[in-house]
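Engineer: Dropping a structure here in structure tokens format, bear with me for questions.
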Amino acid sequence: MPTIIIQPSSKDTALESGYPTSNRGRDPKLWIGRYYIGSSGKSVYRALIQFDLGILPPDSLIVEAILKLYINYTTNDSIPAYVTPFLIIDEWDENTATWNNAPNIDETVFGSTKAITSEGWYGWNITNIAKGWINGLYANNGVMLRTPEIQNLETKSFYSKDESINVSLRPILQLTYITGTPFTLNDRRFVKTKSFYVSQDEENYTDINDCSSYSKFTYFVYNTSENPVIIKLLISPGDDVWIEDSEEIVLDPGKTATLVPYFFSQYTKLSFKNKEIGKAANITVWFEAQV
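When we follow the UniProt record's numbering, the leftmost residue of the sequence shown carries the number 1, and every step to the right adds one.
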């Protein structure tokens with residue numbers, strides 16, 4: 001299968017909460033993460049990045065899309081920054097974008113999370129996002145890169161498209177594709193919910209979902225806290241006897257997990273609890289189903 005390297009990005013910039021009206025569209029280095037939040041102020045960074053996909057041949061179907069950034073500086077190597085790319089909904093201008101007028105994102109559409117520690121190349125799988133851009137499901141407004149923003153001094157910077165010395169280290173989008181004719185299913189309908197939970201030492205449960213009318217479904221769980229949490233998928237034939245349908249999964253801070261059933265049953269839910277006694281975790285749970 002052919003692969004195309006798109007370098008650099010067509011536009012990129014960073015948003016800084018400490019300077020909410022400042023624009024970073026021409027900076028050669030862009031920051032991500034939380035530098036400091038305290039009584040004397042705050043400084044949190046998020047990055048916006050977009051690539052021009054016009055180089056792809058007509059009727060291309062994306063097989064894999066990897067966003068690659070070269071991290072050139074880390075505030076503290078011992079504090080990882082768990083960076084996730086999220087789909088940007090709105091159009092934005094790299095020369096006017098600021099923290100105050102930042103574009104909205106879709107938090108249910110995201111790529112893989114990567115823990116950044118030291119300098120070097122890092123890659124994020126954004127295949128599902130790129131597929132949506134190509135088939136017209138999503139407008140190509142790029143992605144926002146952000147962390148859970150719960151840890152001081154996690155900040156890292158990467159070379160932007162405006163880096164003039166180390167030009168080979170500018171942002172890259174690596175696309176593997178095939179050519180063919182896409183198709184649509186006119187009667188397809190999706191159901192989606194989003195819920196928030198806080199774990200405890202004892203096992204607790206999400207809301208129960210009746211899956212009798214769904215052909216397939218998936219749970220997405222995002223740990224937005226600084227403590228790990230244990231999650232597990234449960235199924236039931238009648239909302240009375242519950243059976244474990246997955247192994248226990250330890251979800252670390254800033255990480256995302258997907259759970260799909262091995263066996264089909266009418267009712268499903270997730271269980272969750274603290275991994276470490278007395279250390280609660282905040283989790284976001286999405287339930288998505290196809291009718």
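Note that CB positions come from ideal geometry on N, CA and C, so glycine has one too.
Predicted model only: the values in this text are computed from it and were never measured.
Alpha carbon to alpha carbon, how far is Ser-43 from Asp-52? Give it in angstroms, no decimals.
Structural biologist: Taking the straight line joining both Cα atoms gives about 30 Å.
Engineer: Starting from the Cα of Tyr-122, find the closest Cα among Phe-287, Ala-280, Trp-286, Pro-85 and give me that residue.
Structural biologist: Closest by alpha carbon: Pro-85.
Engineer: Please name the residue, chosen from Gly-18, Glu-288, Ser-10, Pro-228, that lies closest to Tyr-36 on a Cα-to-Cα basis.
Structural biologist: Considering only alpha carbons, the answer is Gly-18.
Engineer: Are residue 305 and Ile-178 close, meaning C-beta to C-beta below 8 Å?
Structural biologist: What is shown of the chain runs 1 to 291, which leaves residue 305 out entirely.
Engineer: Ile-150 by DSSP, collapsed to three states: which one?
Structural biologist: Three-state result, Ile-150: coil.
Engineer: When you compare the CB positions of Ala-257 and Val-221, do they come within less than 8 Å of one another, or not?
Structural biologist: Result yes, Cβ atoms of Ala-257 and Val-221 sit closer than 8 Å.
Engineer: With the cut-off set at 8 Å, would you say Lys-156 and Gly-278 are in Cβ contact?
Structural biologist: Not in contact: Lys-156 and Gly-278 (Cβ atoms no closer than 8 Å).
Engineer: How long is the line joining the alpha carbons of Gln-7 and Asn-227, rounded to whole angstroms?
Structural biologist: Using only the alpha carbons, I get a separation of about 37 Å.
Engineer: In the DSSP assignment, find the beta strand (DSSP E) that holds Gly-123 and state where it starts and stops.
Structural biologist: 120-125 is the span of the beta strand (DSSP E), which, as asked, contains Gly-123.
Engineer: Quick one: give me the first and last residue of the beta strand (DSSP E) that Thr-284 is part of.
Structural biologist: Here the beta strand (DSSP E) through Thr-284 covers 282-290.
Engineer: Would you kindly report the start and end of the unbroken beta strand (DSSP E) that includes Thr-3?
Structural biologist: Here the beta strand (DSSP E) through Thr-3 covers 3-6.
Engineer: According to DSSP, what are the bridge partners of Glu-226?
Structural biologist: DSSP output for Glu-226 lists no bridge partner at all.
Engineer: Quick check: what's the CA-CA separation for Ile-116 versus Ala-81?
Structural biologist: Roughly 5 Å between the two C-alpha positions.
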